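Chains as they are written, first to last, in this note's numbering: chain A, 1 to 306; chain B, 1 to 251; chain C, 1 to 364.
Where is the CB? At the ideal position from N, CA and C, for every residue including glycine.
Predicted model, so just to flag it, every value in this text is computed and none were measured.
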Amino acid sequence: METILLPENTSAYNRPKNFKRHLKKEAPFGVGSGALVWQFLFFYAPLVLMLISSFSRFHIDGTFESFTFAHFKQILKIDYFLVIFESLKLGFTTACSTLLLGFPLAYTIALKGGRFKSFLLFLVIIPFWTNFLLHIYAWFFVLEKGGFLNQVLLWTNLIQEPIHFLNTSFAVHLMMVYYYLPFMTLPIYSSLEKFDPTLIEASMDLGATKFQTFRRVVLPVLMPAIRTGFFLVFIPAFGEFVIPELMGGDKFMYVGSVVSQFIMGEKTAPIGIAFTVLSGGILLAASFLLYKGTFALNRWLTGGHR
Amino acid sequence: MIPLFVFAIYLFLYVPIIVLVLFSFNSKSFPSPWDGFTLHWYKELFQSKDLWASFTTSLTVSILSTLLSLFMGVCFIYYISRRQKGESLVPLFYSNLIVPELVLAIGLVSYFSLFQVPLGFQTLLIAHTVLGLGFAIPILFVRYKELPPSLMEASLILGAGPTKTFFKITLPLLKPALLASGLLIFVISFDDFLFSYFCAGTSVETLSLYLISSIRFGISPVVNALSTILLFLTIPLALLFFSSKKGTEVF
Amino acid sequence: MRSITLDRVSMTKRGSKILNEVSLKLPSSKFVALLGPSGCGKTTLLRAIAGFETIDSGRIFLGENDISHLPVHQRSMNYVFQDYALFPHLTVEQNIAYSLKIQRRPKMEIEQRVKKLLKSFDIEPLYHRYPEELSGGQQQRVAIARAIIAEPHVLLLDEPLAALDFKLSERMLIELIDLQDLLQMTFLYVTHDQLEALTVADLVIVMGAGGTIEQIGTPKEVYEFPKNAFVANFVGSTNLFEGTIEEIFDKEVVLKSTSNELMNISVADKPVWLQKNNTAVASIRPEKIDISKKPLANFSNNFKGIVTSIVYEGMSTKYYVRLDTGRKIIVFEQNEHHFIRDEINYDDEVYISWQKENVVLMER
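Here it is, written out as structure tokens:
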């Protein structure tokens, strides 16, 4: 398998074959560029264009006319900001609720699960894997005026009249938590699994109580996972409008519902885009603040470090 | 005290589902209480043409977008394995998770209308593939980086060129990650609602859209039956995902 | 076709020079050890020869051919990795057969050759097992078998015994020597363990920190006649005396050390740095020093001192002695008798002596 390679400055190196060789060399790029092209064409381009178009006015025939703030002016009203605020609130409360429920859940499975650990985790994952509309339907079934829960309550004579569970903010939040729980639980569980128990031992050895250890050692180490879970919930929950609409009726307007209303109409489409951009921007800002906030929280927990 | 709390959570998670499944066998339509066991809702279900159409559509879109995402993902990993500089491009694919689906859906709708592309099966497929890439590439890349470089080096020094090494060594070792991400993408695509709502146009109906209109019409045991079947179809998929690779590592 | 030649090979990574104008010519069919402390660049050099790392300047030759720019898979050599790098998804048999399959040898031939190799390595029953089911020693044998089955001209080994326990690595060392002898392949063996290097090698290359070659020679040459203080200290242990050259005679030199000892040293030739009043370093190995409670006759170098520490090592005893001049030295004595007349203890006054032929004078 000996091959003799010519020194680089001989003329043989510069023959036209160079092109073929060059082509062969760059082939991997050709192959791998599929994903890149796709991403740019269908992810970045649409988003950038969306951003630009929210500031533009178009002719009837679709050609560009001018830059304008007109679209934004239409939505810079207090009502719309309230809607964005409602969505932020929804995202935040959902994230917090899932944290309050998901943390003990992850904790129990990871630390007390024993042989059943995989099975318990599996049970948490299944809802995630089934169509969420099914779950909405299931809860519908349970919470409706003539639904299962009311039937049971009536039957046991705990109440005289059926309770309207649906179309309440209670129902909305219930469903949100139900849907987003796995997103929060899994990262925390994953981090707990990898948690080094000797850290706890060391802390106790140094004289800390269980609570102190929890606050100063366990929580900070789990912070990245909590952060991941938090944003895995917060960001999608912000854009959620299907669940609120189905469970809460038209009582509550969220960013998603407003946007879909605008987009559906031809004249109002650009406004819808502008609103999307505005909401996206505010979401970004809010996320950034929250992100920084988690570090501040970490510092408070550990008493001034990190 | 906490275990009780956790038990309550599990109850919370599963009571609706159990109730749903049980009542799909109820002989009388809701709101009547339990009457007798019957399968006739299932019969009605299987005779519904609309249902089968939407089911097939969803299935096709999901399978195609999964395969497409995985294929492009593998090609991209191949590119990275040949050119180290490629690695710096990977973060470009992380943004799929940062941007809310809603924003992306809107973006795509306006994008398609700008270029006057009619909404339909193809646009839905495109949307789902974008989503899929956002999962495929991060998962495959992480697994790829975990492979000891000495394995690839060993293959090279034993005489296999870089492409042969990729096919004989790298790719087989990526199989668990391929399976895991493939299942994940399939399920997310199959359950997806937002993209179907915005990017599929009026001609294409996916299962999610069918379900939503069913829900809007009110409770019908046929939907219960459908839900039960879908539930039982999903369980083996989840099992597969779970057993092939510690699913939590995905996070 | 089995010799490796390096011509001024240099590599810089992240600002520091890992390989510094390394030039060597390795003879073919010999067992060569590349010895050096951790971080000196020996593994990097091995990897550069294999092609896993690209060099910044210089050339690498396999036989007559310049392979400096040849891709890894076209270099006809093989490599045994420190972590064995066995393919986890392939069986032992598939692992070993790998290179032959790439070469598209006929199936029958591959089967035969693999079986034969498994037999001679004594791992036949492991045929269908997977790497994760094997012990460290077994994995290592598979790794070596996989590397030699295609009969490469050169085998590069990167600290292959590092992960094994003492007894096992001792045995493997002997097996490697026999293997190389049988195959007559050029072995280039990287290690930081000087005992390993001295045991296996026909030729030892000592590498110092900063990617430079300090000395090349047979194990005996490198041990008995180190070229500088680094080699003297790294290969085995020694006592070093820095000082100035006081007198130069025909076959002898007198060195005055920094602690004012006057030492007589035999010299065979007079290198250019051997001038009166120049600084030099003398090295005398602990085992070449005699220690006794009574003065010894017929030694060319004699000193007195106090024993400060004794370390009993079973086969031998190490004495730490502080000479009257204040200098501390180590003396090594084999425990040749069960019952020693006049046993040496702590705080004893002792006479230290060594012959002028056993001292090595090195350039500073």
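Three or more Cβ pairs closer than 8 Å define a contact, and the segment 125 to 144 of chain B falls short of that threshold against the segment 122 to 130 of chain C. Given a length threshold of 3 residues, each whole run of the beta strand (DSSP E) inside the segment 192 to 272 of chain C is given here in chain order: 203 to 208, 212 to 217, 239 to 248, 252 to 257, 262 to 266.
About 5 Å separates the CB atoms of HIS73(C) and LEU156(B); that is less than 8 Å, so the two are in contact. Going by DSSP, TYR351(C) is part of the beta strand (DSSP E) stretching over 349 to 354. Residue pairing by DSSP places ILE330(C) opposite TYR320(C) in a beta bridge. Cβ neighbours of GLN138(C) within its own chain (closer than 7 Å, five residues either side excluded): ILE123, LEU126. According to the DSSP assignment, LEU361(C) belongs to the beta strand (DSSP E) that extends over 360 to 363. Neighbours of ASN302(C) in chain B, taken as residues whose beta carbon is under 7 Å from its own, are absent, since the nearest beta carbon is some 55 Å off. A direct Cα-Cα distance of roughly 6 Å separates ASN277(C) from GLU246(C). Here TYR312(C) is exposed, its C-beta having fewer than 16 other C-beta atoms within 10 Å.
Straight across, the Cα-Cα distance linking PHE61(C) with MET77(C) is about 12 Å. Where PHE61(C) is concerned, the enclosing beta strand (DSSP E) starts and stops at 57 to 62. For LYS77(A), the three-state secondary structure derived from DSSP is coil.
Assigned with DSSP and collapsed to three states, ASN345(C) falls in coil, not helix or strand. One alpha carbon belongs to GLY229(A), the other to PRO104(A), and they sit about 14 Å apart. With a threshold of 16 other beta carbon atoms within 10 Å, VAL350(C) meets it and is buried.
Distance from the CA atom of THR130(A) to the CA atom of LEU246(A), rounded to whole angstroms, is 18 Å.
Counting every other CB atom within 10 Å of its CB across the protein chains shown gives SER309(C) a total below 16, marking it as exposed. When C-beta distances to chain C are compared with 8 Å, the residues of the segment 134 to 154 of chain B below that value are PRO148, SER150, LEU151, GLU153, ALA154, in chain order. Here ILE188(B) is not near ALA136(B), since their CB atoms are 8 Å or more apart.
Within the same chain, and ignoring the five residues on either side of TYR78(B) in sequence, the residues whose Cβ sits closer than 7 Å to its Cβ are PHE166. Under the three-state reduction of DSSP output, ASP178(C) falls in the helix class. Counting every other CB atom within 10 Å of its CB across the protein chains shown gives LEU284(A) a total below 16, marking it as exposed. Distances from the CA of ALA33(C) to each of MET207(C), LEU183(C), LEU19(C) were compared; the closest alpha carbon is that of MET207(C).
Residue-level contact by beta carbon fails for VAL92(C) and chain B, as no gap is shorter than 8 Å.
Linking LYS164(B) to CYS40(C) through their CA atoms gives a straight-line distance of about 34 Å.
Listed by position along chain A, the residues whose Cβ is nearer than 8 Å to that of PRO3(B) are THR108, LYS112. Secondary-structure assignment with DSSP links ARG57(A) through a beta bridge to SER66(A).
Within 9 Å of the CB of TYR98(C), the CB atoms of chain B belong to ALA154, SER155, LEU158, GLY159, ALA160, LYS168, in sequence order along the chain. At a cut-off of 4 residues, the continuous stretches assigned as alpha helix (DSSP H) that sit fully inside the segment 168 to 221 of chain B are 171 to 191, 194 to 199, 207 to 217.
Scanning chain A for C-beta atoms nearer than 8 Å to the C-beta of ILE126(B) yields PHE42, reported in chain order.
Annotation: ASP83(C) is outside any beta strand (DSSP E) and is labelled neither H nor E by DSSP. With contact defined as three or more Cβ pairs closer than 8 Å, the segment 7 to 18 of chain B and the segment 189 to 207 of chain B are not in contact. Contacts with chain B at 8 Å (Cβ-Cβ) include GLN103(C). TRP300(A) counts as exposed, since fewer than 16 other beta carbons sit within 10 angstroms of its beta carbon. No residue range can be given for ASN131(A), since it is assigned to no beta strand (DSSP E) and is classified by DSSP as neither H nor E.
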